[in-house]
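As numbered in our numbering, the sequence shown has no gaps in its residue numbers, which increase by one up to the final residue, 204. We treat Cβ as the ideally placed atom computed from N, Cα and C, and that holds for glycine. Keep in mind that this is a model prediction, so the values were computed, not measured. Structure first, then comments.
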Amino acid sequence: MQRPTDSNVTPFPGNLAAPVFAESQAYGLQPGTTPLLAELTETMQSAVDRCPGFGAAAAAKSALRGYVCEPALLDTCHKEGDPKHYRRHLLYADPEGALSIIAVVWMPGQVTPIHGHTAWGAIGVYEGSPFCENFDRYQNDQEAIGLRSKMKLLLKPGDLATVRPGIDDLHRVGNDTPSRAISIHAYGRDLLADPRSLNIVFDS
Ligand SMILES: [Fe+2]
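Now the structure itself:
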């Protein structure tokens with residue numbers, strides 16, 4: 001197979017550095033938690049505890065349904081963006097380390113690097129219309145040499161998705177619209193202990 005040359009292909013540098021999360025407090029619910037967020041968290045923690053492995057992603061996604069686009073879910077402090085880069089607010093950290101919940105705020109034009117995850121994930125859109133773009137890896141004699149966009153979806157409030165751990169589920173999420181976008185993400189990872197441990201980053 002020849003090396004692809006179209007504009008959708010991104011170099012494959014193998015850069016495994018991960019960006020830093022914005023906030024951390026103690027384990028449990030974080031300052032600014034609303035009653036509805038406390039209810040969602042209890043529901044999700046209970047569901048995840050009953051579902052080991054990737055089944056926890058479906059359980060977390062199911063828990064998000066019915067909560068994720070309720071305006072009362074997030075306090076104003078958890079909707080604040082950052083003009084320099086997308087911002088992640090820690091909402092909940094399971095003391096046992098099996099679940100972290102964050103709110104991610106994208107101001108117009110902000111986007112994540114292309115990345116995979118080291119743990120299962122469940123995502124729901126709270127506000128606005130972020131996009132999710134998925135990528136394929138090009139192979140050449142069994143050696144990965146590049147990434148190619150294969151699908152880009154414009155999301156809306158209430159949309160839900162799961163992600164698998166590993167580098168076969170590569171994606172980036174961002175905001176092409178002129179309005180703020182916010183999504184809620186749950187991961188099977190202790191992001192308070194090691195906030196850099198979640199993302200396997202393929203560009204910057
Ligand atoms: Fe992701």
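*Which value, in whole angstroms, describes the spacing of the CA atoms of aspartate 136 and leucine 198?*
As a first step, residue 136 is located in the sequence shown; it is residue number 136 there, counting from the start. As a first step, residue 198 is located in the sequence shown; it is residue number 198 there, counting from the start. Cα to Cα, aspartate 136 sits roughly 20 Å from leucine 198.
*Could you name each continuous alpha helix (DSSP H) segment of 4 residues or more that falls completely within the segment 25-51, going from the start of the chain to the end?*
35-49
*asked:* Could you tell me the alpha carbon to alpha carbon distance between glutamine 45 and lysine 156, rounded to whole angstroms?
replied: Counting from 1 along the sequence shown, the entry for residue 45 is found at position 45. Counting from 1 along the sequence shown, the entry for residue 156 is found at position 156. Whole-angstrom Cα-Cα distance: 25 Å.
*Drop a sphere of 10 angstroms on the beta-carbon of glycine 116, count the other beta-carbons inside from all chains shown, and report buried for 16 or more, exposed for fewer.*
Against the sequence shown, residue 116 aligns to sequence position 116. When all chains shown are included, glycine 116 counts as buried.
_Any residue whose CB is nearer than 7 Å to a heavy atom belonging to ligand 1, listed in chain order_ = Thr112, His115, His117, Gly121, Val163, His171, Val173 and Asn199
*asked:* Could you check whether the segment 52-63 touches the segment 113-129, counting it as contact only if at least three pairs of C-beta atoms, one from each stretch, sit closer than 8 Å?
replied: yes
*In chain order, what residues of the same chain lie with their CB nearer than 8 Å to the CB of arginine 180, ignoring the 5 residues before and after it?*
By one-based count along the sequence shown, residue 180 stands at place 180. Within the same chain, arginine 180 has close Cβ partners Lys79, Gly81, Val105, Trp106, Met107, Pro108, Glu127 and Gly128.
*Let me know if proline 206 comes out buried or exposed under the rule of 16 or more other beta-carbons within 10 Å of its beta-carbon.*
The shown model of the chain, from 1 to 204, leaves out residue 206, and the question about it has no answer.
*Check aspartate 85 in the structure and name its three-state DSSP category.*
In the sequence shown, residue 85 corresponds to position 85, counting from 1. Correcting the residue identity first, residue 85 is histidine in this sequence and not aspartate. It is coil, neither helix nor strand.
*With a cut-off of 8 Å, do at least 3 Cβ pairs link the segment 163-176 to the segment 70-77?*
no
*Mapping DSSP to helix, strand and coil, what is cysteine 161?*
Your numbering for residue 161 matches position 161 in the sequence shown. One detail in the question is off: residue 161 reads as alanine in this sequence, not cysteine. If DSSP states are grouped into helix, strand and coil, alanine 161 belongs with the strands.
*Unbroken alpha helix (DSSP H) run spanning glycine 55, endpoints*: Start at 1 with the first residue of the sequence shown, and residue 55 comes out as number 55. Here the alpha helix (DSSP H) through glycine 55 covers 55-64.
*What's the C-alpha gap between alanine 72 and glycine 66?*
In the sequence shown, residue 72 corresponds to position 72, counting from 1. In the sequence shown, residue 66 corresponds to position 66, counting from 1. About 12 Å.
*Can you give me the Cβ contacts of threonine 43 inside the same chain, cut-off strictly under 6 Å, excluding the 5 residues immediately before and after it?*
Counting from 1 along the sequence shown, the entry for residue 43 is found at position 43. Cβ neighbours of threonine 43 beyond the five flanking positions: Ala63.
_Mapping the DSSP letters down to three states, classify leucine 155 as helix, strand or coil._
Numbered from 1 along the sequence shown, position 155 holds the residue referred to as residue 155. If DSSP states are grouped into helix, strand and coil, leucine 155 belongs with coil.
*Can you grab the Cα-Cα spacing for the pair lysine 70 / serine 100, in whole Å?*
Here residue 70 corresponds to residue number 70 of the sequence shown, with the count starting at 1. Here residue 100 corresponds to residue number 100 of the sequence shown, with the count starting at 1. Sequence check: residue 70 is glutamate here, not lysine. Cα-Cα distance, rounded: 20 Å.
*asked:* Am I right that proline 113 and arginine 172 are in contact with their C-beta atoms under 8 Å? What's the rounded C-beta distance?
replied: What you label residue 113 is simply residue 113 of the sequence shown in a count that begins at 1. What you label residue 172 is simply residue 172 of the sequence shown in a count that begins at 1. Yes, proline 113 and arginine 172 are in contact; Cβ-Cβ is about 6 Å, under 8 Å.
*On the three-state DSSP scale, how would you describe leucine 239?*
Coverage of the chain is limited to positions 1 through 204, which leaves residue 239 absent and any answer about it impossible.
*asked:* Please classify lysine 61 as buried or exposed, where buried requires at least 16 neighbouring CB atoms within 10 angstroms.
replied: Within the sequence shown, the letter at position 61 stands for residue 61. When all chains shown are included, lysine 61 counts as buried.
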